[in-house]
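Data first, discussion second: the structure below is written as structure tokens.
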Amino acid sequence: MRTDSLPTLDARKRPRQARSQATVDTIFEATIQVLLAEGLPRLTTIRVAERAGVSVGTLYQYYPQKQALLFAVLQRHLEQVARTVDEAALSMHGATLAQMVRTIVTAFVKIKTQNLAESRALYAVATELDSREYVQSIKQRNRAALEAMLRTASDARFADISTVTFMFAGVMIGPIQVLLEGEPTPEMLKLLPEQLVSVCLGYLEREALRPA
Numbered sequence: 001m002r003t004d005s006l007p008t009l010d011a012r013k014r015p016r017q018a019r020s021q022a023t024v025d026t027i028f029e030a031t032i033q034v035l036l037a038e039g040l041p042r043l044t045t046i047r048v049a050e051r052a053g054v055s056v057g058t059l060y061q062y063y064p065q066k067q068a069l070l071f072a073v074l075q076r077h078l079e080q081v082a083r084t085v086d087e088a089a090l091s092m093h094g095a096t097l098a099q100m101v102r103t104i105v106t107a108f109v110k111i112k113t114q115n116l117a118e119s120r121a122l123y124a125v126a127t128e129l130d131s132r133e134y135v136q137s138i139k140q141r142n143r144a145a146l147e148a149m150l151r152t153a154s155d156a157r158f159a160d161i162s163t164v165t166f167m168f169a170g171v172m173i174g175p176i177q178v179l180l181e182g183e184p185t186p187e188m189l190k191l192l193p194e195q196l197v198s199v200c201l202g203y204l205e206r207e208a209l210r211p212a
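In UniProt numbering, the protein residues as written are 1 to 212.
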């Protein structure tokens, strides 16, 4: 497990033009393809460059080492997850608890399981890079979005909304983590959203103080 601080994993430069962004996107997709086909131990910048159809020199213009490339791919994935939660939570401001929970859980499960093999591969990457500090920052961002949403619930309020939000987010994340570490059946994946809605809504309703 790596213990390097995260700044050492920063990209060498950021794409500023459409053509450069397209190149980086191609490199990211190639990285995922190599991860799925070869596994994390066999992934090298040379293999990624070959799969992407670019020179190793081009890849190194952006990512000076394998770890920087892997962190960038992980960052893109987690930013997509955070953005999904942000948008879903914002869309539910002023709604009922039931509407909030169904929308958030459905969006979260979808973004994490629509490509389970990719999510599992990136889960392994997060562990390899010891990116706990960055992952925690994403979790905090998600909790902030959920707390802001819950504060506007039309049919409930909470005495300790920070703790309630912490538990709500944890209940959603836990089963997903178990899925990424195991081999879920199609039936399990099909039932997961409704099961999570039931658990999360039941907890929130129990903790809620009904408005006067």
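Glycine included, C-beta positions come from ideal geometry on N, C-alpha and C.
May I ask you to list the residues that DSSP assigns as paired with residue i?
| i | result |
| --- | --- |
| Leu209 | Arg157 |
Please return the same chain residues whose Cβ sits closer than 8 Å to the Cβ of residue i, not counting the five positions on each side in sequence.
| i | result |
| --- | --- |
| Val54 | Thr23, Thr26 and Ile27 |
| Ser20 | none |
Identify, in the order they occur along the chain, each residue of the same chain with its Cβ nearer than 7 Å to the Cβ of residue i, setting aside the five sequence neighbours on each side.
| i | result |
| --- | --- |
| Met172 | Val105, Phe108, Leu196 and Cys200 |
| residue 231 | Given a span of 1 to 212 for the chain in the structure shown, any question on residue 231 remains unanswerable. |
| Gly202 | none |
Starting from the Cα of residue i, find the closest Cα among the options and give me that residue.
| i | options | result |
| --- | --- | --- |
| Pro57 | Gln67, Ile46 and Arg51 | Looking at the sequence shown, residue 57 is not Pro but Gly. Nearest option by C-alpha distance: Ile46. |
| Ser119 | Met92, Leu74, Ser162 and Arg143 | Leu74 |
| Leu180 | Ala126, Tyr203, Arg151 and Ala153 | Ala126 |
| Tyr134 | Ala145, Lys190, Arg76 and Pro184 | Arg76 |
| Arg83 | Ile32, Gly174, Asp130 and Lys112 | Lys112 |
| Ile32 | Gln140, Val81, Ala124 and Gly182 | Ala124 |
| Glu194 | Glu38, Leu59, Lys110 and Ile161 | Lys110 |
Would the beta-carbon of residue i fall within 7 Å of that of residue j?
| i | j | result |
| --- | --- | --- |
| Asp155 | Leu70 | no |
| Leu43 | Leu35 | yes |
| Arg143 | Thr165 | yes |
| Arg145 | Ala89 | A quick correction: the sequence has Ala, not Arg, at residue 145. Closer than 7 Å, so yes. |
| Met167 | Met100 | no |
State the Cα-Cα distance for the pair residue i and residue j, rounded to the nearest angstrom.
| i | j | result |
| --- | --- | --- |
| Ala30 | Arg51 | 6 Å |
| Phe158 | Glu207 | 7 Å |
| Leu204 | Met92 | 15 Å |
| Leu192 | Gln61 | 42 Å |
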